Amino acid sequence: MVAESALLHGSDGELAHGPKLAHHFETMEKQVHAARFGVWVFLGSESLLFAALFGGYSVYRTLNESAFALCSRELNLTMGTLNTLLLITSSFTVALAGYFIHHDKHRASAFMIFLSILMGFGFLIIKGFEWTADFHEGALPGKFFHLEGIPQAGGSQFFSLYFLLTGLHAAHVIIGMGLLAWAMNKVIRRRVSSRYDLPVEVSGLYWHLVDLIWIFLYPLLYLV
Amino acid sequence: MSQPSNVERDEQFLETPPLTEVKVPRRNYLNDGTTVRSWLLTLDHKRIAIMYLVLTMVGFLLGGVFALLIRIKLLTPGPWLFSANAYNRLFTMHGVVMIFLFLIPAIPGVFGNFLLPLMLGAKDVAFPKLNLFSVYLYLAGAALALWGLVHGGADTGWTFYTPYSTTTPAQVVPILLGAFILGFSSIVTGLNFIVTVHTMRAPGLTWFKLPLFVWGIYATAIIQVIATPVLGMVLLLVAVERSFGFGIFDPSRGGDPVLFEHLFWFYSHPAVYIMILPAMGVVSEVVACFSHNRPYGYKVIAYSSLGIAFIGFLGWGHHMFVSGESVFIAGAFSFLTMLVGVFSAAKTFSWVGTMYKGSVDFKTPFAYIVGFLFFFVFGGMTGVAVATLPLDVHWHDTYFIVAHFHFIMVGAAVMAYMAAVHYWFPLMFGKKYSERWGLSGAFFTFVGFVVTFFPQFLLGNEGMPRRYYQYPDHFQVLNVVSTVGSWILAMGVGVTLLTLIYALIAGEPAEKNSWGSRGFEWRADCPPITHNFDTQPVIGPHDGPYSYHLTHGTASEAKHGS
Amino acid sequence: MSNATTAHAKPPPAFSRYVLVWVALLVLTVVTYSVAHMHRGPFSLLVAMLIACTKATLVGLFFMHLWDEKGLNRIVLLMAAVFLGLMILLDVSDVKTRFAPALPPSVEVPIPER
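Protein chains in written order, with our numbering: chain X, 1 to 224; chain V, 225 to 786; chain W, 787 to 900.
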């Protein structure tokens, strides 16, 4: 089917609450579909950023099984579990935000996003407490590691990986919170609706990725 | 609007193009807005391609200068001209610049960007702003790496092996960070291309009607998106270890240097397929056009592109045969590496088959492709040779390896790049270059290439190690030959560049589709207008990018009408 | 391709589905926590990873809407996982079969129960 020339020149593509149709897409549906696919490819790429660290983890755990187990017991399991529950719930609220926007319930949707951002803050605060405790105890990476009773080599590698993994993850949490705030702004200003919800979807997908990564980090770091 | 019938549209290629009064169309993407701002903030994929052309060409010349300096030093076996330290930095920066500033970004950034929308019948790539962002990422990464170079540069080799890279006092961190940012430019480009190919094909353009260049770019983009983040992270780990002493790869802290190599080569081996797959795509296009024949095995080439992309991920350990990895795993990697040869060979047979019973027009692009085929076969076969574990024990870290990968990277990839530049030059600039000078440039490039790199196989087999500042006297003759070859090669590149620059300034205007190609991109004007097409192209059921079977007689008949 | 401009042609999923998935995730978290406190054996890592993969699949299918969407987006994360698995498999195999003196130093001590 050949698209209408009006749409080709992008003049009629404006939705009541959405952005303009870009000149190189024939229909809004294609533009949204391409954007969504683009986000998925980006998520795939981002998850491979963690791959190098997971690779290092798998090698060093194989070599230092017992040291890793001992170090894992040094972590605060309560805080780690709490963080896990927090992120899972924030994923739930983000999903609900998408649900509400499909029903054009903008206030409920914005509130859900707000809760998610709040839980993100909670996650970071708890992480901050954990890290501070680690600094005091000597559960530190590399040459700074000095915990009693744990082999130096394994302990040093565990905590290098621990700080790198949780640090990289925390950076993604911060970026995710930024994206959610941007989406929330769009919802409040009524620039998204059941017909066009891309900002909510994009930030939601990114946030779910952040949750996904933590789902794997939790048992690998806290439950060895 | 009425669409011309398939027969009528095919016949437009049989009509005699006007041989007089040929002008570059008045409004095209080059003169549509001439301010600096209109270029720096452009969202037009063609302008972005030209920016990549300039940037990657600068990278190529810079890397080439480093290579010439290395070869000049190697005229004599003993200390001469500059220190060993400077030599280490030179070969490191030669590798970093050639790989990250030229080979990885060039064909996708220049020709992928320029041609993909044209070949798909689209007005632009899926995310034009992201495309512009990738150029600025390239600039930022390049600037950071060159800043490091100016302040001494790294001396670790482009492979940054630990523990030397984590302990050397050289300026490694800016180069690591520069490479990290360049990696993101590559990821963004790959992402853009994947989404573009999936979502922006013209109506009627099914996957198996795509030009083979698109298949090559698509397979490359998959590798870019999957492999590059791993490199980014491992380079960051080296930077972190240098800056904060984490000891991730430090044996005294339980770290494993071989782990660095695993993580590094997990990207860097697929990276060589990022370099060669687009080149292979170019070869498919040029062979089909200048043989006036459909590709001999279209699906073979298309599937082989994907096959190379996937198998390319399986063999990285062949770089570590003698680094201390387990012999069992080395054997596995040896086997897995050789599998890629199957797909490469299949493609080579297809290309040669395309020429068979075709009507060959021996122009400059085709000349470069002949060079490609010859050198690719040599380079590929030596690849299978060094993939053989016991043989590599002898050849590893010698000039044999250097020769092997230069045969592929220069003999194949650079030749394909030159072919692409000459083939699509009329489309990109609306001008013609001098065939005589183009062929001369190609000739000197070939001769120079062979004289430079063939002796290196012999040197390596006799045991001359790579990256060495000094060498035993009995290697000198071959080294001198190789250096003289590098001068001939430089001359070939110089002649080529001057020919093209002259053509840009004072060349004859090119008429539309001067090669008589059936490719989709040639249906646009030469040069194309900013939005590529006035009306959305539609691909009919009998239409395709290689419909050469619809002509009768020789190439010249097809071009000028019988 | 249809000319519809709506982002989703189908009706959106029910509220209850999100709640069920959330509860399932919470339950699985409790399960993985409890299992870690039981006897630690050679399969503890495998079990933990299986539970994690289940949780991840739930998030991917229902929170990220892969259950409702067409095939293309589904394979992206799967492909990433395949390549990650490949890297881990070969790296760990290397370490497990390497000539021992070529390995970095490591010390084994007894692992206490939680």
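We put the beta carbon where it would ideally sit given N, CA and C, even for glycine.
These numbers come from a predicted model, not from an experiment.
Beta bridge pairing from DSSP links residue 622 of chain V with V:689.
Contact check for residue 269 of chain V and residue 352 of chain V: beta-carbon distance about 7 angstroms, within the 8 angstroms limit, so the pair qualifies. Cβ proximity to chain W below 8 angstroms picks out nothing from the segment 697-710 of chain V. Using a CB distance cut-off of 8 angstroms, residue 832 of chain W does not count as an interface residue toward chain X. Of all residues in the segment 319-350 of chain V, only 341, 346, 347, 348, 349 and 350 come within less than 9 angstroms of chain X when Cβ atoms are compared, listed by chain position. Secondary structure of residue 304 of chain V (DSSP, three-state): strand. Boundaries of the alpha helix (DSSP H) around residue 513 of chain V: 481-515. No Cβ-Cβ contact shorter than 8 angstroms links residue 624 of chain V with residue 541 of chain V. Think of a sphere of 7 angstroms around the beta carbon of residue 850 of chain W: no beta carbon from chain V falls inside it, the nearest being about 18 angstroms out. Classified as exposed, residue 694 of chain V has fewer than 16 neighbouring CB atoms from the shown chains inside 10 Å of its CB. In the three-state reduction of the DSSP assignment, residue 589 of chain V falls in the helix class, which pools H, G and I. Per DSSP, residue 537 of chain V lies in no alpha helix (DSSP H) segment and is marked neither H nor E. The three-state secondary structure of residue 659 of chain V, taken from DSSP, is helix. When rounded, the separation of the alpha-carbon atoms in residue 709 of chain V and residue 673 of chain V is 7 angstroms. Around the beta carbon of residue 635 of chain V, a 10 Å sphere encloses 16 or more other beta carbons of the protein chains shown; the residue is thus reported as buried.
Considering only V:334, V:430, V:484 and V:511, the residue with the shortest C-alpha distance to residue 52 of chain X is V:484. Secondary structure remark: continuous beta strand (DSSP E) runs of at least 3 residues inside the segment 684-743 of chain V: none found.
Taking 8 angstroms as the CB threshold, residue 866 of chain W lines the interface with chain V. Chain X has a Cβ within less than 8 angstroms of the Cβ of residue 477 of chain V.
Across the structure, residue 474 of chain V and residue 480 of chain V are spaced so that their CA atoms are roughly 6 angstroms apart.
The DSSP-derived three-state label of residue 853 of chain W is coil.
Nearest to residue 664 of chain V by C-alpha distance, out of V:714, V:319, V:705 and V:687, is V:714. For residue 40 of chain X, the enclosing alpha helix (DSSP H) stretches over residues 28-49. Taking every protein chain shown into account, the CB of residue 137 of chain X has fewer than 16 other CB atoms within 10 angstroms, so this residue is exposed. Around the Cβ of residue 730 of chain V, a 10 Å sphere holds fewer than 16 other Cβ atoms; the residue is exposed. Here residue 303 of chain V is exposed, its C-beta having fewer than 16 other C-beta atoms within 10 Å.
At least one CB of chain V lies nearer than 8 angstroms to the CB of residue 141 of chain X. By the Cβ rule, the segment 613-628 of chain V counts as touching the segment 546-559 of chain V, because three or more pairs are nearer than 8 angstroms.
With distances taken between CA atoms, residue 20 of chain X lies nearest to X:192 out of X:192, X:213 and X:48. Judged by DSSP secondary structure, residue 416 of chain V falls within the alpha helix (DSSP H) whose first and last residues are 396-423. The alpha carbon of residue 873 of chain W has as its nearest neighbour, out of V:518, V:329 and V:493, the alpha carbon of V:493. With fewer than 16 other Cβ atoms inside 10 Å of its own Cβ, residue 146 of chain X counts as exposed. Scanning chain X for C-beta atoms nearer than 9 angstroms to the C-beta of residue 815 of chain W yields 81, 84, 85, 88, 215 and 218, reported in chain order. Within the segment 515-539 of chain V, those residues whose Cβ lies closer than 9 angstroms to any Cβ of chain W are, in chain order, 537 and 538. The beta carbons of residue 647 of chain V and residue 510 of chain V sit closer together than 8 angstroms.
Under a criterion of Cβ atoms nearer than 8 angstroms, the residues of chain W adjacent to residue 63 of chain X are, in order, 881, 889, 890 and 892.
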